[in-house]
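>
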DNA sequence: TTGAAAGCGCTAACAA
DNA sequence: TTGTTAGCGCTTTCAA
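Below is the structure:
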């Protein structure tokens, strides 16, 4: 067993309360006493028992980091960027407890954490949000736009980003623009499709249902979807551009395009979303919409910290800008 | 504040001990009492205060999941596979607390967890391992071979995997085989280089230092390293094959090869390591050594569970097999 | 400036 | 079968 304040007290010849005060930097302790206590604490390698403190203070020194799913449906690069952003901000003060919503929440005891940062990806997450809010959980939702009374919500401009990509294609004389989208239930899919459609409609281009496919947010899914698009349009017109709802799908689509011998970008252009590491290294390099994932996570974590510490939150609802990055995959 | 056993006791008209017993399934409680208690507990949405229980039982209901680094030096797909494998096994019983070693350990209070599963990547991790072991922490180390008295250690056969890849190249008449390796401090780099050298020596092929470059385990690094190799060997002989210590670097190297107009696999072959998602979708598809990352994590998590629960560990030291996967990037 | 007492929510040990 | 008491390690409150 590790040392307790009583052990220190015994050695120092003071009461355990004096030790507690010295350790917590109270100014009602003489310097002499404090020094003695701190020295003994260091010698014994004293570590406070946070569960005990927790019981008295009703603080948990942990925060929950909740994902819609931890499995492959969440892109690894996205997950890492989120975790990393949160870790940088909060790891000094809190244990970060990672959870997913997929395997039920019976085992997620919200009372074990001081707050939750929720990386939300789909509308069905709402039930968890409402549940957590009803319990009075300090909650910050990032990634997905959620409207609740005074809920802190940090997102990126998905609609605007998608629209800017498609608008760029239109302005560069691409006419027949396909969309390979993520799963319909994911909010990012919905938003990016909305941006896509808006850009088309703004330019009086009609929306063709056959040019919109589900690529499951995965490389394989993007590949499969592109295959279908190319196959279906064999006797009709092949699209001259594809906007993909993430970079992974764009990468898969690129493979499918290669396989049928079409040239990128001269015969078909392609744009992805997120600006993940692979973009600069596909052949040709992949144009994309840059999404500030790590920054989003960091802002969310900072807001949660402020919320827990009863500070004023300047911008409870933030939407970070996305940015079109043009590379060789469009002409 | 949420309900406590005393609240339930008051309503049920019994002592808080009876409530505790009923809730914990003791058989010294009449069915009638138990039912009454459980019903009230459900009505009050009772959740046990685990910090309080923790104080008495000296259990933490949390385990630490420690990475050498959470930042980009750890491949996202690797990190996700590890987390996911551990989560599947342990999330029902424990909160998973994610940590990295990079930003120091002052804030990692080992007494807050019942055990640690350490995804170790480099030799400098040893100091943490020894520190944790000295504290009596229940510890399982995965990914990197570590020899300590009765330490549980789950790894993959990195050396054998690398050797099998290089041996395959030699058997298929590749003569001049380069190595793009990860950072020198990472154990996987050391192991894979050892496998590479062993295969060469076994076949009486001398090791050429100029053909071994550091690709930093990243796409960019692999690209840069390949550039250097191709540039340096302009007037000499260009290698006819490259073995890369992970798939990301192989992906970057592929780009560099493309840029100088060399054909894969007719002019130069390439093999990666891990079998991550991208391999099937590069052009040409990337041969690789498959490493069972998620399985490794799961086995480690199971062993930690057994260790915490004082069960017998069948195989404290496991080395999982790796497997050569040949695709179009070699002829 | 320091100490004694009480209690956070829970379980172990013993008594009834 | 149930209840009483004590105590896990800490902080708050009040007294000295």
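Protein chains in written order, with the numbering used here: chain C, 24 to 354; chain U, 24 to 354. Beta carbons are placed, not taken as given, at the ideal position from N, Cα and C, and that holds for glycine.
(1) Residue 341 of chain U lies in the beta strand (DSSP E); which residues open and close that run?
(2) What number of angstroms, rounded off, separates the C-alpha of residue 322 of chain C from the C-alpha of residue 163 of chain C?
(3) Against residue 156 of chain C, what residues of chain U qualify as contacts under a CB-to-CB distance less than 7 Å, listed in chain order?
(4) With H, G and I counted as helix, E and B as strand and the rest as coil, what does DSSP make of residue 313 of chain C?
(5) Any C-beta of chain C sitting closer than 7 Å to the C-beta of residue 117 of chain U?
(6) Would you identify the three-state DSSP class for residue 349 of chain C, choosing helix, strand or coil?
(7) The alpha helix (DSSP H) spanning residue 87 of chain C covers which residue range?
(8) Considering just the uninterrupted stretch of the alpha helix (DSSP H) at residue 149 of chain U, what are its terminal residues?
(9) Could you name the residues of the same chain whose beta carbon sits closer than 6 Å to that of residue 52 of chain U, not counting the 5 residues immediately before and after it, in chain order?
(10) Is any beta-carbon of chain C found at less than 7 Å from that of residue 102 of chain U?
(11) Could you tell me whether the Cβ of residue 134 of chain U comes closer than 7 Å to any Cβ of chain C?
(12) What in chain C is Cβ-close to residue 26 of chain U, meaning under 8 Å?
(13) Contact criterion: CB-CB distance below 7 Å. Does residue 176 of chain U meet it with respect to chain C?
(14) What in chain C is Cβ-close to residue 300 of chain U, meaning under 7 Å?
(15) Could you check the C-alpha separation between residue 93 of chain U and residue 109 of chain C for me, to the nearest Å?
(16) Go through its chain and collect everything with a Cβ distance to residue 351 of chain C's Cβ below 6 Å, but skip five positions before and after it.
(17) In whole angstroms, what separates the C-alpha of residue 106 of chain C from that of residue 152 of chain U?
(18) Can you tell me where the alpha helix (DSSP H) with residue 31 of chain C in it begins and where it stops?
(19) Alpha carbon to alpha carbon, how far is residue 203 of chain U from residue 235 of chain U? Give it in angstroms, no decimals.
(20) By DSSP's criteria, residue 300 of chain U is part of a beta bridge. Which residues make up the other side?
(21) Counting beta carbon pairs with one atom in the segment 131-142 of chain U and one in the segment 61-81 of chain C, are three or more of them shorter than 8 Å?
(22) Measuring alpha carbon to alpha carbon, tell me which of U/120, U/83, U/330 ends up nearest residue 89 of chain U.
(23) Which residue's Cα is closest to the Cα of residue 304 of chain U: U/176, U/59, U/221, U/271?
(24) Residues of chain C with CB closer than 9 Å to the CB of residue 281 of chain U, please, in chain order.
(25) Tell me which residues share the same chain as residue 28 of chain U and place their Cβ nearer than 6 Å to its Cβ, disregarding the 5 neighbours each side in the sequence.
(26) Of all the options C/166, C/138, C/124, C/159, which has the alpha carbon lying nearest to the alpha carbon of residue 147 of chain C?
(27) Taking Cβ-Cβ distances shorter than 7 Å, what residues in chain U pair up with residue 278 of chain C?
(28) Quick check: is the beta carbon of residue 73 of chain C nearer than 7 Å to any beta carbon in chain U?
(29) Distance, Cα to Cα, residue 290 of chain C vs residue 209 of chain C?
(30) Say whether chain C places a C-beta atom closer than 7 Å to the C-beta of residue 206 of chain U.
(31) If contacts are defined as beta-carbon pairs under 8 Å, then residue 294 of chain U and residue 138 of chain U qualify, I think. What distance do you get, rounded to the angstrom?
(32) Taking Cβ positions, are residue 328 of chain U and residue 312 of chain U nearer each other than 7 Å?
(33) Does the structure place the segment 262-281 of chain U close enough to the segment 239-249 of chain U that three or more beta carbon pairs sit under 8 Å?
(34) Looking at the structure shown, is residue 138 of chain C part of a helix, part of a strand, or coil, going by DSSP?
(35) For residue 297 of chain C, decide whether its Cβ has a neighbour in chain U, counting only Cβ atoms nearer than 7 Å.
(36) Going along chain U, which residues have a C-beta under 9 Å from residue 121 of chain C?
This is what the structure gives:
(1) For this step, residue 341 of chain U is matched to residue 318 along the second chain. 340-343 is the span of the beta strand (DSSP E), which, as asked, contains residue 341 of chain U.
(2) Along the first chain, one-based indexing puts residue 322 of chain C at 299. Along the first chain, one-based indexing puts residue 163 of chain C at 140. Residue 322 of chain C and residue 163 of chain C: Cα-Cα distance of roughly 10 Å.
(3) For this step, residue 156 of chain C is matched to residue 133 along the first chain. Residues of chain U passing the Cβ test: none, with the nearest at roughly 15 Å.
(4) Locating residue 313 of chain C in the first chain gives position 290, where the first residue counts as 1. Residue state, collapsed to three classes: strand.
(5) Position 94 of the second chain, counted from the first residue, corresponds to residue 117 of chain U. No, because no Cβ of chain C sits closer than 7 Å to the Cβ of residue 117 of chain U.
(6) Position 326 of the first chain, counting from 1, holds the residue named residue 349 of chain C. Of the three classes helix, strand and coil, the one that applies to residue 349 of chain C here is coil, per DSSP.
(7) Position 64 of the first chain, counted from the start, is the residue given in the question as residue 87 of chain C. First-last for residue 87 of chain C: 85-90, but that is the beta strand (DSSP E), not the alpha helix (DSSP H).
(8) As a working mapping, residue 149 of chain U is identified with position 126 in the second chain. Note, residue 149 of chain U: alpha helix (DSSP H), 149-157.
(9) Within the second chain, numbered from 1, the residue matching residue 52 of chain U stands at position 29. So the list reads 44, 45, once near-sequence residues are dropped.
(10) Looking up residue 102 of chain U in the second chain gives position 79. For residue 102 of chain U, the answer is yes, since a Cβ of chain C falls inside 7 Å of its Cβ.
(11) Counting from 1 along the second chain, the entry for residue 134 of chain U is found at position 111. Residue 134 of chain U counts as touching chain C.
(12) Residue numbering aside, residue 26 of chain U sits at position 3 when the second chain is read from its first letter. What residue 26 of chain U touches in chain C: nothing, since even the nearest Cβ is about 11 Å away.
(13) In the second chain, the residue the question calls residue 176 of chain U occupies position 153. Judged by the 7 Å Cβ criterion, residue 176 of chain U is not in contact with chain C.
(14) The residue given as residue 300 of chain U occupies position 277 in the second chain. Going along chain C in sequence order, the residues near residue 300 of chain U (Cβ under 7 Å) are 242.
(15) The sequence position of residue 93 of chain U within the second chain is 70, counting from 1. The sequence position of residue 109 of chain C within the first chain is 86, counting from 1. Cα-Cα distance, rounded: 11 Å.
(16) Position 328 of the first chain, counted from the start, is the residue given in the question as residue 351 of chain C. The residues are 307, 308.
(17) Position 83 of the first chain, counted from the start, is the residue given in the question as residue 106 of chain C. Position 129 of the second chain, counted from the start, is the residue given in the question as residue 152 of chain U. So the two alpha carbons sit approximately 24 Å from each other.
(18) Locating residue 31 of chain C in the first chain gives position 8, where the first residue counts as 1. From DSSP, the alpha helix (DSSP H) with residue 31 of chain C extends over 28-35.
(19) Within the second chain, numbered from 1, the residue matching residue 235 of chain U stands at position 212. Within the second chain, numbered from 1, the residue matching residue 203 of chain U stands at position 180. Taking the straight line joining both Cα atoms gives about 6 Å.
(20) Numbered from its first residue, the second chain carries residue 300 of chain U at position 277. Its beta-bridge partners do not exist; DSSP assigns none.
(21) yes
(22) Taking the first residue of the second chain as 1, we reach residue 89 of chain U at position 66. Among U/120, U/83, U/330, the Cα nearest to that of residue 89 of chain U belongs to U/120.
(23) Along the second chain, read from residue 1 onward, the residue named residue 304 of chain U stands at position 281. The shortest C-alpha separation from residue 304 of chain U is found at U/271.
(24) Against the second chain, residue 281 of chain U aligns to sequence position 258. In chain order: 306.
(25) Residue numbering aside, residue 28 of chain U sits at position 5 when the second chain is read from its first letter. Hits under 6 Å: 39, 42, 43.
(26) The residue you call residue 147 of chain C lines up with position 124 of the first chain. Residue C/124 is the option with its Cα nearest to residue 147 of chain C.
(27) For the purposes of this step, residue 278 of chain C is taken as residue 255 along the first chain, with counting starting at 1. The contacting residues are 304, 306.
(28) To locate residue 73 of chain C, count along the first chain from 1; it is residue 50. It does; some Cβ of chain U falls within 7 Å.
(29) For the purposes of this step, residue 290 of chain C is taken as residue 267 along the first chain, with counting starting at 1. For the purposes of this step, residue 209 of chain C is taken as residue 186 along the first chain, with counting starting at 1. When rounded, the distance between both Cα atoms is 31 Å.
(30) Mapped onto the second chain, residue 206 of chain U falls at position 183. Cβ-Cβ to chain C under 7 Å: no for residue 206 of chain U.
(31) Taking the first residue of the second chain as position 1, residue 294 of chain U is located at position 271. Taking the first residue of the second chain as position 1, residue 138 of chain U is located at position 115. Not confirmed; about 37 Å, so no contact.
(32) Within the second chain, numbered from 1, the residue matching residue 328 of chain U stands at position 305. Within the second chain, numbered from 1, the residue matching residue 312 of chain U stands at position 289. No, the pair does not count as a contact, with Cβ atoms beyond the cut-off.
(33) yes
(34) Within the first chain, residue 138 of chain C is the residue found at index 115, counting from 1. The answer is strand: DSSP assigns residue 138 of chain C an E or B state.
(35) For the purposes of this step, residue 297 of chain C is taken as the residue at position 274 of the first chain. Taking Cβ atoms only, chain U never reaches closer than 7 Å to residue 297 of chain C, which makes this a no.
(36) For the purposes of this step, residue 121 of chain C is identified with residue 98 of the first chain, where counting begins at 1. The answer, in chain order, is 88, 106, 110, 114, 118, 119, 120, 121.
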